[in-house]
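Engineer:
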Amino acid sequence: MEELFIQVLFAIAQIIFELILELAGEALADVTSRAVGEVYEPRAFADPMWAVGGYAVLGAIAGGISLLAFPHPFFRASRIHGISMLISPIITGGVMAMVGWTLRRHGKEPTRIESFGYGFAFALGMSVVRFLFAQ
5 MEELFIQVLF AIAQIIFELI LELAGEALAD VTSRAVGEVY EPRAFADPMW
55 AVGGYAVLGA IAGGISLLAF PHPFFRASRI HGISMLISPI ITGGVMAMVG
105 WTLRRHGKEP TRIESFGYGF AFALGMSVVR FLFAQ
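Using this note's numbering, you'd call the opening residue of the sequence shown number 5 and step up by one each time.
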């Protein structure tokens, strides 16, 4: 029973660490997309399906870059290994949706990544790369 409790705690901690890493990556992508959007009106990825794929690829690139700084998994594998690959993108997408909602409330136009779907796609791409390639 004690071993199961410890594994659940490790799984929760892993989700929190990956969530923080994914939110940092999304914040960087958000700032970059706002800066690029002010310079010119981007028309790339006008179709939402292409945009989801684009954000997933950007997330995978961010996951690869994060492996340079953190090459090892945050925690050793457990019985519920990989659960954070699903939970942290859902939470990250929810946080990005709240950011977009807050911006709309203050009369500002949110970028695409400041929505659940695109935030989820970015975080999922990042999670998959970290899951597959962290040593």
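We put the CB at the ideal spot given by N, CA and C, even for glycine.
Which of the three DSSP states is assigned to Ala138 in this structure?
Structural biologist: On the sequence shown, position 134 is the one that residue 138 refers to. In this structure, Ala138 counts as coil in the three-state DSSP scheme.
Engineer: Tell me whether Leu136 is buried or exposed, calling it buried when 16 or more other Cβ atoms sit within 10 Å of its Cβ.
Structural biologist: The residue given as residue 136 occupies position 132 in the sequence shown. Exposed, since its Cβ has fewer than 16 Cβ neighbours within 10 Å.
Engineer: Measure from the alpha carbon of Ser119 to the alpha carbon of each residue in Arg109, Val99, Met130, Gly129, then state which is nearest.
Structural biologist: Sequence index remark: in the sequence shown, residue 119 carries index 115 (1-based). Considering only alpha carbons, the answer is Val99.
Engineer: Using C-beta distances below 6 Å, list every residue in its chain close to Gly68, excluding the 5 sequence neighbours before and after it, in chain order.
Structural biologist: In the sequence shown, residue 68 corresponds to position 64, counting from 1. Cβ neighbours of Gly68 beyond the five flanking positions: Val133.
Engineer: Alpha carbon to alpha carbon, what distance is there between Leu71 and Ala60?
Structural biologist: Against the sequence shown, residue 60 aligns to sequence position 56. Against the sequence shown, residue 71 aligns to sequence position 67. Rounded to the nearest angstrom, the two C-alpha atoms are 16 Å apart.
Engineer: Using only alpha-carbon positions, find the residue among Gln139, Ala138, Ser131 that is nearest to Ile19.
Structural biologist: The count along the sequence shown starts at 1 and reaches residue 19 at position 15. Nearest of Gln139, Ala138, Ser131 to Ile19, Cα basis: Ser131.
Engineer: Taking only the alpha-carbon atoms, compute the straight-line gap between Ala39 and Glu7 and give it to the nearest angstrom.
Structural biologist: Position 35 of the sequence shown, counted from the first residue, corresponds to residue 39. Position 3 of the sequence shown, counted from the first residue, corresponds to residue 7. Near 48 Å, if we compare the C-alpha coordinates of Glu7 and Ala39.
Engineer: DSSP on Ala28, reduced to helix/strand/coil?
Structural biologist: Numbered from 1 along the sequence shown, position 24 holds the residue referred to as residue 28. Helix.
Engineer: With burial defined as no fewer than 16 other Cβ atoms inside 10 Å of the residue's Cβ, what is the status of Asp51: buried or exposed?
Structural biologist: Start at 1 with the first residue of the sequence shown, and residue 51 comes out as number 47. With fewer than 16 other Cβ atoms within 10 Å, it is exposed.
Engineer: Are Glu26 and Pro114 close, meaning C-beta to C-beta below 9 Å?
Structural biologist: Mapped onto the sequence shown, residue 26 falls at position 22. Mapped onto the sequence shown, residue 114 falls at position 110. It is not a contact, given that the beta carbons lie outside the stated cut-off.
Engineer: Are the beta-carbon atoms of Ala33 and Phe124 separated by less than 9 Å?
Structural biologist: In the sequence shown, the residue the question calls residue 33 occupies position 29. In the sequence shown, the residue the question calls residue 124 occupies position 120. No.
Engineer: Return the first residue and the last residue of the alpha helix (DSSP H) that Thr96 is part of.
Structural biologist: Stepping through the sequence shown from its first residue, residue 96 is reached at position 92. Element bounds for Thr96: 88 to 109.
Engineer: Among the residues of its own chain, which have a CB less than 6 Å from the CB of Gly111, if the five just before and after it don't count?
Structural biologist: Locating residue 111 in the sequence shown gives position 107, counting from the first residue. Nothing meets the Cβ criterion.
Engineer: Could you tell me the distance, in whole angstroms, from the CA atom of Ser88 to the CA atom of Arg109?
Structural biologist: What you label residue 88 is simply residue 84 of the sequence shown in a count that begins at 1. What you label residue 109 is simply residue 105 of the sequence shown in a count that begins at 1. So the alpha carbons of these two residues sit roughly 31 Å apart.
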